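Chains A and B are the protein sequences, given in the same order. So the first sequence is numbered by the working numbering: it starts at 19 and just counts up by one. So the second sequence is numbered by the working numbering: it starts at 7 and just counts up by one. What follows is a set of notes on a single structure, which appears directly below.
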Amino acid sequence: MAKNKETKLDFGSKWDYSAAPESAGHAEIKKEYGLYINGKFVKAEGGKTFASTNPSTEEHIADFAEASDKDVDKAVKAARKAYNEVWGPMSPKERGKYIFRIARLMQERAREFAVLESLDGGKPIRESRDVDVPTAANHFFYYAGWADKLEYAFPGKTATPVGVAGQIIPWNFPLLMAAWKIAPALACGNTVVLKPAETTPLTAMKLAELIHDSGLPPGVVNIVTGAGATGAAIVNHPDVDKVAFTGSTGVGKIIQKAIAGTKKKATLELGGKAANIIFDDAPLDQAVEGIINGIFFNQGHVCCAGSRLFVQENVKDLVIKKLKDRMSTLIVGDPMDKNTDVGAINSKEQLNTINKYLKIGVEEGAEIYQPNCSLPKKGNWCKPTLFLEASQSHRIVQEEIFGPVLTVQSFRTIDEVIDKANNTPFGLSAGVWTDKGSKIFNMTTKLRAGIVWANTFNKFDPTSPFGGYKESGYGREGGLQGLSAYVKLK
Amino acid sequence: MTNNQLIALKRPIDQVGVEERVARFQTRSIKTEAKVQGLKMVLNMIDLTTLEGKDTEGKVRQMCYKAVHPHDALTDLPTVAAVCVYPTHVATAVDALQGSGVKVASVATAFPSGNSSRKIKLADTKIAVDAGADEIDMVISRGEFLSGNYSFVFDEIAAIKDACGKARLKVILETGELSTLDNVRFASDIAMQAGADFIKTSTGKISPAATMPVTLTMLEAIRDYYYATGRMVGMKPAGGISKSKLALHNLVMVKETLGDAWLSNEWFRFGASSLTNDVLMQLAKQAEGRYQGLDYFSND
């Protein structure tokens with residue numbers, strides 16, 4: 019084909035979409051939320067509170083109780099009592115009915131949950147509406163089905179519950195992570211003390227209200243809000259049988275040390291730095307879409323985000339050109355607008371971290387590219403960013419940034435790209451794009467990552483296990499495998 | 007180009023990925039001013055079409071009046087882009103549309119099957135062009151394509167393009183008969199390489215016709231061709247688009263795939279007739295705040 023003169027597409031403002039904001043008027047937000055312990059909403063000991071703000075407007079949303087060691091102790095005691103007296107002895111079929119009820123209620127209140135998730139966390143309403151909330155409800159549906167079928171999940175063995183599960187979840191998918199944690203725990207007959215992240219407690223407390231409305235017996239699910247100290251109190255509580263944590267690798271290591279030598283079981287779902295690999299025989303336009311979804315979904319606040327792009331050198335220029343054009347069509351801004359593709363960065367702290375890495379990348383000599391899009395004046399924002407000509411030894415390639423920042427490296431052979439993809443302390447996910455089936459199977463056996471997507475990226479389903487290799491953690495959540503963490507087998 | 011040269015153009019398309027992208031376009035919320043502007047653009051991109059055995063001069067003349075005056079009860083309406091008729095009615099349409107700016111398009115090349123000799127197809131084209139057609143809508147030989155005779159398809163398009171002279175050539179792939187998106191993509195590339203000014207999904211006689219995945223695949227082919235050559239090629243989805251909402255989703259797809267330059271009837275058309283009244287009804291609703299009955303809009 020003829021070598022090109024410079025051709026440029028114009029993604030301008032000839033036909034701009036009018037604002038289409040989702041109304042938040044129908045969602046009820048209290049001024050202050052207590053802790054949900056033993057079926058009651060109570061203040062923290064000493065009445066300490068903290069505020070949650072809207073990351074896109076910096077407006078105050080509500081105050082939340084900050085749970086102390088004493089509050090956590092109360093919650094664990096309530097969970098133990100419920101485990102011994104109600105939830106443990108209950109027939110599995112009856113437990114399943116409660117979980118189904120939670121799932122149905124979540125579907126009924128889906129719109130309210132979606133609005134609140136975007137308000138508190140900054141993610142676009144399109145994602146909270148189409149991904150977070152429906153997938154969360156699906157997790158409850160899926161695990162409700164397992165509740166009375168555990169003997170089929172573990173044939174030839176008897177599965178009994180572990181006891182009280184202490185669960186700590188991150189701020190990137192607040193409601194969905196709560197569902198990932200609570201649903202399998204309940205289905206296996208455990209009781210729960212859950213702590214949402216301090217920047218995104220709103221939907222967890224809404225979930226507490228929903229669980230309360232569902233008539234779940236008091237103490238089966240307890241939700242306590244707070245920061246790191248509250249989390250530490252849960253991890254270190256002697257009567258917690260199992261710790262489930264999703265969050266940063268740094269905190270994961272602290273937890274690992276804290277529970278060493280105790281009886282506590284643990285699953286850790288930590289950071290990632292996934293390779294997204296594009297071969298020259300891939301369906302390129304669809305691959306570009308996969309790159310976009312891989313890194314800009316939820317502003318890149320995704321542990322399995324495809325943050326390292328590897329493109330075969332003979333199609334690199336074309337793929338980058340397509341990628342830049344696609345980035346020009348991303349709408350960055352008000353999370354509540356139905357047309358927004360990329361929302362607000364979850365917190366000032368996270369924005370500072372991302373900006374630190376942008377600076378590092380530039381200093382390391384990678385070529386930074388950002389589309390020409392306008393950002394709101396108030397709030398936490400970061401333009402979708404590429405680092406072209408990145409090298410394996412760059413810090414921006416080695417370290418998790420957890421933002422809308424993609425590094426781009428070229429490769430020449432299959433062996434080279436496998437080597438580079440695996441050359442990381444993380445191992446959560448990876449993506450492979452090729453039209454050739456045999457190449458996919460070759461890659462999936464050699465990539466050291468818990469999840470490998472072929473010709474797609476960032477797909478989540480309750481039936482599919484999720485978890486990492488190496489410093490991305492251990493244990494699996496979701497699917498049949500997700501049950502294992504919450505049972506003892508005899 | 008030889009068969010082997012053409013085969014080298016083949017590019018894989020992932021249907022699942024295409025469908026996901028299409029679903030994403032459909033989540034765009036088009037409201038208020040954006041909706042009115044979009045609807046007017048859609049109206050201005052329509053090829054008002056009658057392709058029936060029972061077409062007459064009277065029918066064509068009435069349709070041409072509608073093309074220029076879609077709905078005089080509303081002010082500030084654009085005309086449609088073109089009327090599309092059989093070669094025998096081109097002269098009538100040219101006469102009826104004089105000075106209006108509305109183009110006359112004619113199907114040719116043994117439309118809709120395309121099963122005839124090169125000689126007859128060329129003659130068919132010449133008759134339409136000589137009668138004053140501004141645009142020719144040809145069909146490709148799907149049988150030859152599916153049997154692997156790609157150079158036949160290429161040569162035929164190139165020959166018709168030659169016969170068109172100044173008239174712009176739209177090449178109908180009849181995607182409903184090509185069965186896969188890989189084929190849609192490959193046929194699009196062959197047509198553009200052979201000189202097509204527009205590529206068009208369907209004759210309107212076969213279903214499925216202009217589905218969004220098919221149109222997206224063709225828009226992406228146009229984009230790659232533009233990247234490589236700098237030549238713009240137009241796109242015309244035809245058949246199956248009868249509602250405003252679907253038309254607006256198509257427009258979103260054009261805007262986000264090819265950008266602003268293609269958002270005009272010089273580069274994008276809708277091959278549809280029933281779409282016109284639905285657009286008019288929506289525009290009337292935007293202007294007056296309520297829906298009117300279908301009887302308030304003219305059937306042609």
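Here a beta-carbon is modelled for each residue, glycine too, at the ideal position from N, C-alpha and C. Bear in mind the structure is a predicted one, so any value in this text is a computation, not a measurement.
**Request:** Return the bridge partner residues of Lys213 of chain A from the DSSP annotation.
**Result:** A:Ile186
**Message:** To the nearest angstrom, how far is the alpha carbon of Thr264 of chain A from that of Lys95 of chain A?
**Reply:** The straight-line gap from Cα to Cα measures roughly 23 Å.
**Message:** If I measure Cβ to Cβ from Ala276 of chain A and keep anything under 8 Å in the same chain, skipping five residues before and after, which residues do I get?
**Reply:** Here Ala276 of chain A has Ala250, Val253, Asn254 as same chain residues with Cβ atoms under 8 Å from its own Cβ, once five neighbours each way along the sequence are excluded.
**Prompt:** Are Ile179 of chain B and Ile212 of chain B touching if we call contact CB-CB under 8 Å?
**Reply:** Residue identity check: residue 179 of chain B is Leu in the sequence provided, not Ile. No; because the gap between Cβ atoms is not below 8 Å, this pair is not in contact.
**Request:** Could you spell out the range, first to last residue, of the beta strand (DSSP E) harbouring Val380 of chain A?
**Result:** Premise fails: Val380 of chain A lies in the alpha helix (DSSP H), 366–382, not in any beta strand (DSSP E).
**Request:** Using a cut-off of 8 Å between C-beta atoms, extract the partners of Gly30 of chain A located in chain B.
**Result:** Correct list: Gly265, Asp266.
**Prompt:** Is the region 27–42 of chain B touching the region 348–364 of chain A in the sense that three or more CB pairs, one from each, lie closer than 8 Å?
**Reply:** yes
**Request:** Counting only the same chain and skipping the five closest in sequence on each side, list residues whose C-beta sits under 7 Å from that of Gly52 of chain A.
**Result:** Phe59, Val60, Lys61, Ala83
**Prompt:** Do we get a CB-CB distance below 8 Å when we pair Pro18 of chain B with the residues of chain A?
**Reply:** yes
**Request:** For the region 449–471 of chain A, enumerate the residues whose C-beta is nearer than 7 Å to any C-beta of chain C, in chain order.
**Result:** Annotation note: the requested chain C is absent from the structure, which comprises protein chains A and B.
**Prompt:** Hey, Pro389 of chain A and Lys401 of chain A: beta-carbon distance below 8 Å or not?
**Reply:** yes
**Message:** If distances are taken between C-alpha atoms only, which option among B:Lys167, B:Val177, B:Ser185 comes closest to Leu152 of chain B?
**Reply:** B:Ser185
**Item:** Straight-line gap, Thr347 of chain A to Phe29 of chain A (C-alpha atoms, nearest Å)
**Value:** Near 7 Å, if we compare the C-alpha coordinates of Phe29 of chain A and Thr347 of chain A.
**Request:** Note down, in chain order, all residues in the region 31–45 of chain B with a beta-carbon under 8 Å from any beta-carbon belonging to chain A.
**Result:** Thr33, Arg34, Ser35, Ile36, Lys37, Thr38, Glu39, Ala40, Lys41, Gln43, Gly44
**Between the CA atoms of Lys291 of chain A and Thr218 of chain A - distance to the nearest angstrom** = 23 Å
**Asked** Tell me which same chain residues have a C-beta within less than 6 Å of the C-beta of Val505 of chain A, skipping the five on either side of it?
**Response** Ala177, Cys206
**Prompt:** Using a Cβ-Cβ distance under 8 Å, would Ala38 of chain A count as near chain B?
**Reply:** yes
**Item:** In chain order, each alpha helix (DSSP H) run of at least 4 residues that lies wholly inside the region 127–180 of chain B
**Value:** 148–152, 156–170
**Request:** Below 7 Å CB to CB, which residues in the same chain sit around Met19 of chain A once its five sequence neighbours on both sides are set aside?
**Result:** No answer about Met19 of chain A holds up, because its pLDDT of 43 lies below 50 and its placement is not dependable.
**Asked** Since Met124 of chain A contacts Ala154 of chain A with CB under 8 Å, what's their CB separation in whole angstroms?
**Response** 6 Å
**Item:** C-beta neighbour in chain A for Leu321 of chain B, strict 8 Å
**Value:** With chain B covering only 7 through 306, there is no way to say anything about residue 321 of chain B.
**Item:** Expected contact under 8 Å - CB spacing of Val211 of chain A and Ala97 of chain A to nearest Å
**Value:** Val211 of chain A to Ala97 of chain A, Cβ: 5 Å. Contact.
**Item:** Sufficient close CB pairs (3 or more, under 8 Å) joining the region 407–421 of chain A to the region 447–461 of chain A
**Value:** Contact fails: fewer than three Cβ-Cβ distances are below 8 Å.
**Lys213 of chain A vs Thr243 of chain A beta-carbon contact at 8 Å** = yes
**Message:** Can you list, in chain order, the residues of its chain with a C-beta nearer than 6 Å to that of Asn22 of chain A? Leave out the 5 residues immediately preceding and following it.
**Reply:** Residue placement at Asn22 of chain A cannot be trusted, given a pLDDT of 48 that sits under 50; what the coordinates show is reported in the next sentence. So the list is empty, once near-sequence residues are dropped.
**Message:** According to DSSP, is Gln298 of chain B part of a helix, a strand, or is it coil?
**Reply:** In the three-state DSSP reduction, Gln298 of chain B falls in the coil class, being neither helix nor strand.
**Message:** At the level of alpha carbons, what is the spacing between Ala165 of chain B and Asp301 of chain B?
**Reply:** 46 Å
**Prompt:** Applying a beta-carbon distance threshold of less than 9 Å, which residues of chain A neighbour Arg27 of chain B?
**Reply:** Asp303, Gln304, Glu307
**Request:** Select from B:Lys127, B:Ala234, B:Ile163, B:Gly107 the residue whose C-alpha is nearest the C-alpha of Ala200 of chain B.
**Result:** B:Ile163
**Assigned exposure category for Glu76 of chain A - 16 Cβ within 10 Å defines buried** = exposed
**Request:** Could you name the residues of chain A that Tyr232 of chain B contacts, counting a contact when the two beta carbons are closer than 7 Å?
**Result:** Thr25
**Asked** Comparing alpha-carbon positions, which option in B:Gly107, B:Asn283, B:Ala244, B:Ala197 lies nearest Leu12 of chain B?
**Response** B:Ala197
**Request:** Measure the CB-CB distance between Thr425 of chain A and Leu288 of chain A and report whether it falls below 8 Å.
**Result:** No.
**Request:** Have a look at Leu254 of chain B and Lys37 of chain B and give me their C-alpha separation to the nearest angstrom.
**Result:** 11 Å
**Item:** Stretch-stretch touch, CB-based, cutoff 8 Å, three pairs: the region 281–301 of chain B with the region 46–62 of chain B
**Value:** yes
**Asked** Is it buried or exposed for Thr221 of chain A, if we count other Cβ within 10 angstroms and need 16 for buried?
**Response** buried
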